[in-house]
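Take a look at the structure set out below.
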Amino acid sequence: MSKPVVLFLCQHNAGRSQLGAALLEHLAGDRYEAASAGFAPADRVNEAVAASVAELGMDITDRMPRKVTVDDIENADIVVSMKPGLPLPAEPKRHVEWSFRNPENWDADGVRPLRDEVARSIRALIS
């Protein structure tokens, strides 16, 4: 049996969505498959976000932001928009909208509270 796929979306797939995918991997182990994408992908993962998950023992510095596709939406069991109102390219099976600020210019100290808020939301989602 395949694992449920949770797709995290944000604008640039550099911060919030990468954070969501990494935290799902960290918190859910092998019970879920995590994916992330964005609408206007950045060149690289946000360094402060990567540093904040490194504190949990995860290295996401090699991940590359990518553009969301119709297949991404159709293959996901749950689509989590990290910002309300994102224009999805297809109708998801289940859609959850969260509202998290963009950590685009934050340092690791600023990202930690966001990381903890996202972790709380993920725990609630998978419980």
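Heads up: the sequence shown is residues -16 to 110, going by the working numbering.
Glycine included, every Cβ here is placed at the ideal spot set by N, Cα and C.
Here the structure is a predicted model, which means the values were calculated and not measured.
(1) When the distance is taken between beta carbons, is Ala31 closer than 9 angstroms to Ser19?
(2) Quick check on this structure: which residue in Lys(-14), Asp42, Ser(-15), Glu74 has the alpha carbon closest to the alpha carbon of Gln1?
(3) Since Ser19 sits in a beta bridge, which residues does DSSP pair it with?
(4) Rounded to the nearest angstrom, what separates Ala37 and Thr52 at their Cα positions?
(5) Give the C-beta separation of Asn(-4) and Gly21 to the nearest angstrom, bearing in mind that I take them to be a contact with Cβ-Cβ under 8 angstroms.
(6) Identify whether Val28 lies in helix, strand or coil by the three-state DSSP scheme.
(7) Hey, quick one: how far does the alpha helix (DSSP H) through Glu100 stretch, first residue to last?
(8) Would you call the CB atoms of Ser64 and Trp89 closer than 9 angstroms?
Reading it off the structure:
(1) Not in contact: Ser19 and Ala31 (Cβ atoms no closer than 9 angstroms).
(2) Asp42
(3) Phe(-9)
(4) Looking at the two C-alpha atoms, the distance is approximately 28 angstroms.
(5) Going by Cβ atoms, the distance from Asn(-4) to Gly21 rounds to 3 angstroms, so yes, they are a contact pair.
(6) coil
(7) 91 to 109
(8) no
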